[in-house]
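> Please read through the structure below; I'll follow up with questions.
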Amino acid sequence: MHPETHLALHHARTADLQAQAAAHRLATEARAPRQELRTRLGWTLVELGLRLAAGPSNGTKPAVA
């Protein structure tokens, strides 16, 4: 393969990879707030589940036979 052709292919591939990286970076930045909301919602549900599993907090024991 001619060296100039080989160099042109490398430049084209580099431009393609840089464009893909930029697109991925933009997609990741756009998705970040959603992940934060998902994480907060998940931990809120975990806290709620722990509160429900712990039972009443007024010190009385549940009436279990």
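Take this note's numbering: the last position of the sequence shown gets the number 1199, and nothing is skipped along the way.
Glycine residues also receive a C-beta, built at the ideal position from the N, C-alpha and C atoms.
(1) So, with DSSP's three-state summary, where would you put H1140?
(2) Given this structure, state the Cα-to-Cα distance separating A1188 from T1173, to the nearest angstrom.
(3) For G1183, does the three-state DSSP call read helix, strand or coil?
Quick look at the numbers:
(1) Start at 1 with the first residue of the sequence shown, and residue 1140 comes out as number 6. The answer is helix: DSSP assigns H1140 an H, G or I state.
(2) If you number the sequence shown from 1, residue 1188 lands on position 54. If you number the sequence shown from 1, residue 1173 lands on position 39. Roughly 23 Å separates the two Cα atoms.
(3) The residue given as residue 1183 occupies position 49 in the sequence shown. The answer is helix: DSSP assigns G1183 an H, G or I state.
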